[in-house]
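Engineer:
Residue numbers (UniProt numbering): 1 to 288.
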């Protein structure tokens with residue numbers, strides 16, 4: 001494969017989404033690394049509803065600010081995670097459609113992002129809420145690293161776009177044909193295996209097997225990730241088998257139709273060949 005084959009892929013990356021990630025992800029890292037380990041149960045949340053007696057707007061504003069200050073840090077951090085993912089999806093929707101992306105493909109991509117965002121939010125909230133993980137800085141860094149790695153799929157539009165086979169391309173190898181015909185499916189499988197479900201599954205297995213952190217939700221989502229990984233591998237095998245069947249069928253048709261002149265079933269061709277043979281025999285007899 002040539003470098004020019006990968007050039008169209010760079011036009012399917014969203015720079016605004018990537019810059020948004022660069023601006024927000026480090027801030028969330030700082031919040032998570034400096035999280036308050038104290039429980040929120042000891043803090044009372046003051047009712048932020050305004051009383052009728054609050055006639056002064058300034059006093060009402062101070063009451064709201066004081067009420068918000070009573071909310072513990074973990075609630076604020078979780079709210080920022082939720083807002084971050086929601087703005088990411090809405091921003092992707094409001095941005096101009098990329099080159100070669102149709103509205104139908106954009107709707108498919110947004111639906112994929114909704115499910116992906118829910119899985120990512122569940123992964124961070126489920127793991128980082130454990131006190132054992134919070135007290136281990138290495139585990140916190142690893143989980144945040146896996147979370148950051150999973151966010152890299154949002155600037156990509158490759159999961160709904162096929163690269164397309166160029167007509168007259170000099171390279172006709174099966175691997176190149178497989179990539180250009182099923183590029184969207186292969187990207188979707190690769191994102192699931194190497195960016196989201198695969199790393200999530202490995203992280204959860206390590207937490208359960210090595211650190212002995214086991215709870216009902218952790219076991220359930222580990223089983224969910226393993227099932228998705230198996231289904232994606234099965235999908236990849238089906239794509240490869242179908243592709244080989246199509247290529248063999250196409251090669252068989254080409255072999256059958258490459259030399260039609262070798263067939264002697266046509267009576268007209270047989271008659272013309274007999275006439276030409278008779279003429280050649282007569283010319284030879286006249287010469288003798």
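No residue lacks a Cβ here, since even glycine has one placed at the ideal position from N, Cα and C.
#1: Would you decide whether residue 128 is buried or exposed? Buried here means 16 or more other CB atoms lie within 10 Å of its CB.
#2: If you draw a straight line from the C-alpha of residue 147 to the C-alpha of residue 95, how long is it?
#3: Which class does residue 152 belong to by DSSP, given the choice of helix, strand or coil?
#4: So, helix, strand or coil for residue 101, using DSSP?
#5: Starting from residue 183 and walking both ways along the alpha helix (DSSP H), at which residues does that stretch end?
#6: Buried or exposed for residue 187, going by 16 or more other Cβ atoms inside 10 Å?
#7: For residue 18 versus residue 155, is the C-beta spacing smaller than 8 angstroms?
#8: Between which two residues does the alpha helix (DSSP H) containing residue 135 stretch?
#9: Give the range of the alpha helix (DSSP H) segment to which residue 85 is assigned.
#10: Whole angstroms is fine: what's the gap from residue 82's alpha carbon to residue 211's?
#11: To the nearest angstrom, how far is the alpha carbon of residue 114 from that of residue 253?
#12: Between residue 62 and residue 140, which are expected to be in contact by the criterion C-beta below 8 angstroms, what is the C-beta distance as a whole number of angstroms?
#13: Evaluate residue 206 with the Cβ neighbour count: other Cβ atoms within 10 Å of its Cβ, from every protein chain shown; 16 or more gives buried, anything less gives exposed.
#14: What separation, rounded to the nearest whole angstrom, lies between the Cα atoms of residue 248 and residue 242?
#15: Can you list, in chain order, the residues of its chain whose CB lies under 7 angstroms from that of residue 229, leaving out five sequence neighbours each side?
#16: Do residue 239 and residue 182 have their C-beta atoms within less than 8 angstroms of each other?
#17: Mapping the DSSP letters down to three states, classify residue 19 as helix, strand or coil.
#18: Would a C-beta distance cut-off of 8 angstroms place residue 151 and residue 21 closer than the cut-off?
#19: Would you say residue 294 and residue 235 are within 8 angstroms of each other, going by their C-beta atoms?
#20: Could you round the C-beta distance between residue 58 and residue 89 to whole angstroms and report it? I think they count as a contact, below 8 angstroms.
Structural biologist: Let me spell this out:
#1: Working through the chain shown from its first residue, we reach residue 128 at position 128. Answer is buried; the Cβ neighbour count reaches 16.
#2: On the chain shown, position 147 is the one that residue 147 refers to. On the chain shown, position 95 is the one that residue 95 refers to. Taking the straight line joining both Cα atoms gives about 24 angstroms.
#3: Here residue 152 corresponds to residue number 152 of the chain shown, with the count starting at 1. DSSP, reduced to helix, strand and coil, places residue 152 outside both helices and strands of the structure shown, so it counts as coil.
#4: Taking the chain shown and counting its residues from 1, one reaches residue 101 at position 101. Residue 101 falls in the coil class under three-state DSSP.
#5: On the chain shown, position 183 is the one that residue 183 refers to. Going by DSSP, residue 183 is part of the alpha helix (DSSP H) stretching over 183-191.
#6: Within the chain shown, numbered from 1, the residue matching residue 187 stands at position 187. It is buried - the Cβ of residue 187 has at least 16 other Cβ atoms within 10 Å.
#7: On the chain shown, residue 18 is found 18 positions in, with the first residue counted as 1. On the chain shown, residue 155 is found 155 positions in, with the first residue counted as 1. Result yes, Cβ atoms of residue 18 and residue 155 sit closer than 8 angstroms.
#8: The residue labelled residue 135 in the question sits at position 135 within the chain shown. Premise fails: residue 135 is in no alpha helix (DSSP H) and is neither H nor E.
#9: Residue 85 sits at position 85 when you count from the first residue of the chain shown. Start and end: 73-94.
#10: For the purposes of this step, residue 82 is identified with residue 82 of the chain shown, where counting begins at 1. For the purposes of this step, residue 211 is identified with residue 211 of the chain shown, where counting begins at 1. Approximately 28 angstroms, taken between the alpha carbons.
#11: Residue mapping note: residue 114 aligns to position 114 of the chain shown, counting from 1. Residue mapping note: residue 253 aligns to position 253 of the chain shown, counting from 1. The alpha-carbon atoms of residue 114 and residue 253 are separated by roughly 44 angstroms.
#12: Taking the first residue of the chain shown as position 1, residue 62 is located at position 62. Taking the first residue of the chain shown as position 1, residue 140 is located at position 140. For residue 62 against residue 140, the beta-carbon gap comes to about 36 angstroms, at or over 8 angstroms, which does not count as contact.
#13: What you label residue 206 is simply residue 206 of the chain shown in a count that begins at 1. Exposed.
#14: Position 248 of the chain shown, counted from the first residue, corresponds to residue 248. Position 242 of the chain shown, counted from the first residue, corresponds to residue 242. Cα-Cα distance, rounded: 10 angstroms.
#15: The sequence position of residue 229 within the chain shown is 229, counting from 1. So the list reads 193, 197, 198, 201, once near-sequence residues are dropped.
#16: Position 239 of the chain shown holds residue 239. Position 182 of the chain shown holds residue 182. Cβ distance < 8 angstroms, so residue 239 and residue 182 count as in contact.
#17: Locating residue 19 in the chain shown gives position 19, counting from the first residue. In this structure, residue 19 counts as helix in the three-state DSSP scheme.
#18: The sequence position of residue 151 within the chain shown is 151, counting from 1. The sequence position of residue 21 within the chain shown is 21, counting from 1. Less than 8 angstroms separates the beta-carbon of residue 151 from that of residue 21.
#19: Shown here, the chain extends from 1 to 288; a query on residue 294 therefore has no answer.
#20: Here residue 58 refers to the residue found at position 58 of the chain shown. Here residue 89 refers to the residue found at position 89 of the chain shown. Actually they are not in contact, since the Cβ atoms of residue 58 and residue 89 sit about 37 angstroms apart, beyond 8 angstroms.
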